[in-house]
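Residues in the sequence shown are numbered from 1 upward in steps of one, following the working numbering.
The beta carbon of each residue, even a glycine, is placed where N, CA and C say it ideally should be.
Owing to the predicted nature of the structure, the values given are computational and were not obtained by experimental measurement.
Worksheet: the structure to be examined is printed underneath.
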Amino acid sequence: MGSYIALLRGINISGKNKVPMAELKKTFEELGFGAVKTYLNSGNVVFLSAKDSIGNLTSRIEAGIKEQFGLDIPVFVISKEDLEDILQHAPDWWGDNDKEIYDNLIFILPPATFAEVWDEIGEPREGLEKIKDYKKAVFWSFSRKDYQKTNWWPKTASANISGKLTIRTANTVRKIVGM
(Lines of atoms letter the chains of each structure in order from A; the text may use other names.)
(Lines give C-alpha, C1' and ligand atoms only; values in the text may rest on other atoms or scores of the structure.)
Protein backbone atom coordinates (compact mmCIF):
# COMPACT_ATOMS: atom_id res chain seq x y z
CA MET A 1 0.00 0.00 0.00
CA GLY A 2 1.09 3.52 -0.73
CA SER A 3 0.07 6.78 0.87
CA TYR A 4 -1.24 9.38 -1.58
CA ILE A 5 -2.66 12.88 -1.60
CA ALA A 6 -5.32 14.14 -4.00
CA LEU A 7 -5.79 17.87 -4.47
CA LEU A 8 -9.02 18.81 -6.20
CA ARG A 9 -8.99 22.00 -8.24
CA GLY A 10 -11.71 24.62 -8.00
CA ILE A 11 -14.27 23.10 -5.64
CA ASN A 12 -16.40 24.90 -3.05
CA ILE A 13 -15.44 28.36 -4.31
CA SER A 14 -18.11 31.05 -4.03
CA GLY A 15 -20.87 28.44 -4.03
CA LYS A 16 -19.65 26.76 -7.22
CA ASN A 17 -18.67 23.11 -7.68
CA LYS A 18 -20.05 22.13 -4.29
CA VAL A 19 -18.52 18.94 -2.96
CA PRO A 20 -19.23 18.16 0.71
CA MET A 21 -16.15 16.64 2.32
CA ALA A 22 -18.11 13.82 4.00
CA GLU A 23 -19.48 12.77 0.60
CA LEU A 24 -16.05 13.12 -1.01
CA LYS A 25 -14.57 10.86 1.67
CA LYS A 26 -17.31 8.30 1.02
CA THR A 27 -16.64 8.46 -2.73
CA PHE A 28 -12.95 7.71 -2.15
CA GLU A 29 -13.88 4.77 0.09
CA GLU A 30 -16.28 3.45 -2.56
CA LEU A 31 -13.40 3.63 -5.05
CA GLY A 32 -11.57 1.16 -2.79
CA PHE A 33 -9.16 3.55 -1.10
CA GLY A 34 -8.33 3.12 2.58
CA ALA A 35 -7.71 5.38 5.57
CA VAL A 36 -9.36 8.29 3.75
CA LYS A 37 -9.07 11.68 5.43
CA THR A 38 -10.07 15.10 4.15
CA TYR A 39 -8.66 18.44 5.23
CA LEU A 40 -10.46 21.76 4.93
CA ASN A 41 -13.28 22.32 2.47
CA SER A 42 -11.02 22.88 -0.54
CA GLY A 43 -10.58 19.28 -1.64
CA ASN A 44 -7.51 17.89 0.10
CA VAL A 45 -7.69 14.12 0.48
CA VAL A 46 -5.12 11.78 2.02
CA PHE A 47 -5.63 8.07 1.31
CA LEU A 48 -4.03 4.66 1.02
CA SER A 49 -4.07 2.63 -2.16
CA ALA A 50 -2.40 -0.39 -3.66
CA LYS A 51 0.64 0.81 -5.59
CA ASP A 52 -0.57 2.15 -8.92
CA SER A 53 0.49 4.78 -11.41
CA ILE A 54 -0.41 8.36 -10.62
CA GLY A 55 -2.23 8.52 -13.97
CA ASN A 56 -4.47 5.56 -13.10
CA LEU A 57 -5.25 6.92 -9.64
CA THR A 58 -6.05 10.34 -11.10
CA SER A 59 -8.36 8.85 -13.74
CA ARG A 60 -10.21 6.74 -11.16
CA ILE A 61 -10.71 9.70 -8.85
CA GLU A 62 -11.84 12.07 -11.61
CA ALA A 63 -14.31 9.44 -12.89
CA GLY A 64 -15.63 8.86 -9.36
CA ILE A 65 -16.16 12.58 -8.83
CA LYS A 66 -17.91 12.87 -12.20
CA GLU A 67 -20.20 9.95 -11.35
CA GLN A 68 -20.97 11.05 -7.77
CA PHE A 69 -21.18 14.82 -8.18
CA GLY A 70 -21.62 15.34 -11.93
CA LEU A 71 -18.53 17.57 -12.03
CA ASP A 72 -15.46 17.52 -14.24
CA ILE A 73 -12.91 18.41 -11.59
CA PRO A 74 -9.18 18.31 -12.33
CA VAL A 75 -7.32 16.34 -9.68
CA PHE A 76 -3.62 16.43 -8.83
CA VAL A 77 -2.44 13.18 -7.23
CA ILE A 78 0.96 12.81 -5.61
CA SER A 79 2.51 10.22 -3.33
CA LYS A 80 3.09 11.37 0.23
CA GLU A 81 6.76 10.50 -0.28
CA ASP A 82 7.03 12.78 -3.33
CA LEU A 83 5.30 15.65 -1.52
CA GLU A 84 7.68 15.25 1.42
CA ASP A 85 10.58 15.42 -1.06
CA ILE A 86 9.19 18.64 -2.55
CA LEU A 87 8.92 20.22 0.91
CA GLN A 88 12.49 19.18 1.72
CA HIS A 89 13.60 21.21 -1.30
CA ALA A 90 11.78 24.40 -0.31
CA PRO A 91 13.89 27.53 -0.65
CA ASP A 92 14.94 29.28 2.57
CA TRP A 93 12.61 32.21 1.89
CA TRP A 94 9.49 30.03 1.61
CA GLY A 95 7.21 29.18 4.52
CA ASP A 96 9.19 30.92 7.24
CA ASN A 97 6.10 32.29 9.07
CA ASP A 98 6.81 35.92 8.13
CA LYS A 99 3.36 37.50 8.61
CA GLU A 100 4.06 40.06 5.84
CA ILE A 101 4.58 37.31 3.26
CA TYR A 102 2.06 34.84 1.86
CA ASP A 103 3.58 31.45 0.95
CA ASN A 104 1.89 29.11 -1.52
CA LEU A 105 2.77 25.92 -3.32
CA ILE A 106 1.48 25.73 -6.88
CA PHE A 107 0.94 22.22 -8.24
CA ILE A 108 1.12 21.81 -12.01
CA LEU A 109 -1.45 19.32 -13.31
CA PRO A 110 -0.01 16.98 -15.93
CA PRO A 111 0.62 17.14 -18.78
CA ALA A 112 1.31 20.86 -18.22
CA THR A 113 4.90 21.81 -17.43
CA PHE A 114 6.69 24.60 -15.60
CA ALA A 115 7.96 25.88 -18.95
CA GLU A 116 4.36 26.36 -20.11
CA VAL A 117 3.46 28.12 -16.87
CA TRP A 118 6.50 30.40 -17.18
CA ASP A 119 5.77 31.16 -20.84
CA GLU A 120 2.25 32.26 -20.00
CA ILE A 121 2.74 34.01 -16.66
CA GLY A 122 6.26 35.33 -16.98
CA GLU A 123 8.74 36.55 -14.45
CA PRO A 124 7.73 37.34 -10.89
CA ARG A 125 7.74 41.03 -10.06
CA GLU A 126 11.05 41.79 -8.36
CA GLY A 127 10.77 42.84 -4.75
CA LEU A 128 7.14 41.70 -4.49
CA GLU A 129 7.21 37.99 -5.21
CA LYS A 130 9.57 35.03 -5.56
CA ILE A 131 9.21 31.68 -7.26
CA LYS A 132 11.24 28.49 -7.48
CA ASP A 133 10.18 25.40 -9.35
CA TYR A 134 10.93 21.88 -8.22
CA LYS A 135 9.51 18.81 -9.94
CA LYS A 136 5.71 19.23 -10.29
CA ALA A 137 5.48 22.26 -8.01
CA VAL A 138 6.35 25.93 -7.77
CA PHE A 139 7.18 27.60 -4.47
CA TRP A 140 5.64 31.07 -4.59
CA SER A 141 5.84 33.82 -1.99
CA PHE A 142 4.55 37.36 -2.23
CA SER A 143 3.94 40.46 -0.17
CA ARG A 144 0.51 40.39 1.49
CA LYS A 145 0.03 44.14 1.26
CA ASP A 146 1.16 44.41 -2.38
CA TYR A 147 -0.29 41.19 -3.80
CA GLN A 148 -2.34 43.14 -6.37
CA LYS A 149 0.89 44.52 -7.85
CA THR A 150 2.41 41.08 -8.37
CA ASN A 151 2.65 39.46 -11.76
CA TRP A 152 1.68 35.94 -10.69
CA TRP A 153 -1.38 36.72 -8.51
CA PRO A 154 -3.82 37.79 -11.24
CA LYS A 155 -2.47 35.39 -13.85
CA THR A 156 -2.67 32.21 -11.77
CA ALA A 157 -6.41 32.83 -11.54
CA SER A 158 -7.22 34.17 -15.00
CA ALA A 159 -4.59 33.08 -17.53
CA ASN A 160 -5.22 30.13 -19.83
CA ILE A 161 -2.80 28.06 -17.76
CA SER A 162 -4.84 28.60 -14.57
CA GLY A 163 -6.95 25.50 -15.29
CA LYS A 164 -3.77 23.43 -15.09
CA LEU A 165 -2.79 24.65 -11.63
CA THR A 166 -4.02 24.05 -8.12
CA ILE A 167 -2.64 26.10 -5.25
CA ARG A 168 -2.32 25.44 -1.52
CA THR A 169 -0.81 27.50 1.29
CA ALA A 170 2.41 26.40 2.96
CA ASN A 171 0.50 25.65 6.17
CA THR A 172 -2.08 23.51 4.35
CA VAL A 173 0.60 21.49 2.57
CA ARG A 174 2.49 20.89 5.79
CA LYS A 175 -0.70 19.81 7.55
CA ILE A 176 -1.60 17.37 4.75
CA VAL A 177 1.85 15.77 4.82
CA GLY A 178 1.51 15.32 8.57
CA MET A 179 -1.84 13.52 8.35
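- Beta-bridge pairing by DSSP links Val138 to Ile106, Asp133.
- Per the DSSP secondary-structure output, Ile5 pairs in a beta bridge with Val46, Ile78.
- Taking a C-beta distance under 7 Å as the contact criterion, Tyr4 and Val77 qualify as a contact pair.
- Fully enclosed alpha helix (DSSP H) runs of no fewer than 4 residues occupy 21-30 of the stretch 14-38, in order along the chain.
- Pairwise C-beta distances place the stretch 100-108 in contact with the stretch 156-169, as three or more of them are shorter than 8 Å.
- Scanning its chain for C-beta atoms nearer than 8 Å, with the 5 sequence neighbours on each side dropped, one finds around Glu23 the residues Gln68, Phe69, in chain order.
- Going by beta carbons, Lys132 and Phe142 fall outside the 7 Å limit.
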